[in-house]
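Okay, so the sequence shown: first residue is 479 according to my numbering, each after it adds one.
One structure below.
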Amino acid sequence: MNVACLRPTRLLLPALLTVLLAPRSWAQEIAPTFKIGLSTATLSGTSPFDFEPYTGFAGGLGFNFALRNGFSIQPEIIYVVKGTRLDFDVRSTFDTILISPPGQDPEGVPATGTLRLTYAEIPLLLHYGFETRSRLHPRLFAGPALSYLLDARFAWAPRDGGVEQEQAEDNIESTDFGLVLGAGIEYDLYGERLLFEIRLSRGFSNTNFGNASANDRTLTNTSVMFLVGVAF
479 MNVACLRPTR
489 LLLPALLTVL
499 LAPRSWAQEI
509 APTFKIGLST
519 ATLSGTSPFD
529 FEPYTGFAGG
539 LGFNFALRNG
549 FSIQPEIIYV
559 VKGTRLDFDV
569 RSTFDTILIS
579 PPGQDPEGVP
589 ATGTLRLTYA
599 EIPLLLHYGF
609 ETRSRLHPRL
619 FAGPALSYLL
629 DARFAWAPRD
639 GGVEQEQAED
649 NIESTDFGLV
659 LGAGIEYDLY
669 GERLLFEIRL
679 SRGFSNTNFG
689 NASANDRTLT
699 NTSVMFLVGV
709 AF
């Protein structure tokens, strides 16, 4: 595990416990939320490969703790599939598969690969809601997020239509500390509120895809989520 992730964990977990163990007087101001949607993600950093967006599932739940003057705190747990797509040339040497950027290996076969990183993402968000006289209520939010890797797989196939192959990516960093920024709209409907939001999730930890850290490279997660849901 990356030692750099331990410090943010020590800060985030006490904050979550403070919210979850809040006084009972808050009970009437707690609103459970459920969300589902899509995540469009890629890797950012220095690399000889060109990374393209990959779209995966996102969904989860949270609890909104109302404060004062439109502010609230919302811890969440989000199941999200991140990753990226990339083109490369592939060549097999005995029991080793070598990949290189497109056009750099004259003996390589053009191929396309997909990296799928499945996380349990735990953001702790500070919300600000704009109360209006209409049924629409704009909302802004931001906060830290700690993500735990659940699964990491890389699937690829020759672009000429060959058989797809898949392998586990054991070198991917198991945790990722990042920042979430977003905005949304709440719509009053029969006593409940429908949620529509967009959020940017930016990771700060090196994913270590392709053993990046050994090559003095840093590749981090960047994703945009489009979510719909309901608050009770």
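Built from N, CA and C at the ideal position, the CB exists for glycine as well.
Looking at Gly607, Ile551, Gly639, Pro531, the one whose alpha-carbon comes closest to that of Thr592 is Pro531. Beta-bridge pairing by DSSP links Ser522 to Thr698. Under DSSP, no beta-bridge partner is assigned to Ile650.
Beta-bridge analysis with DSSP links Pro636 to Ala589. Linking Leu614 to Leu673 through their CA atoms gives a straight-line distance of about 10 Å. In the DSSP annotation of this structure, the continuous segment of the beta strand (DSSP E) that includes Asn542 starts and ends at 532 to 544.
Annotated three-state conformation of Glu642 is coil, per DSSP.
Annotation: Thr698 to Pro580 spans about 22 Å, alpha carbon to alpha carbon. Relative to Asp638, the option among Asp567, Asn686, Phe608, Val559 whose CA is nearest is Asp567.
Check the Cα spacing between Arg594 and each of Pro588, Thr696, Asn542, Asp629: the tightest is with Asp629.
Note on Arg611: under 16 other CB atoms within 10 angstroms of its CB, so exposed under the neighbour-count rule.
DSSP places Ser570 in the strand class (E or B) of the three-state scheme. In the structure shown, Glu609 adopts coil according to DSSP, grouped into three states. In the same chain as Arg695, and ignoring 5 residues on each side of it, the C-beta atoms closer than 7 Å to its own belong to Gly523, Thr524, Ser525, in chain order. When the Cα atoms are used, Thr574 and Ile650 turn out to be separated by approximately 19 Å. Straight across, the Cα-Cα distance linking Lys513 with Leu539 is about 6 Å. For Asp528, no pairing in a beta bridge is given by DSSP. Annotation: Gly656 to Phe710 spans about 28 Å, alpha carbon to alpha carbon.
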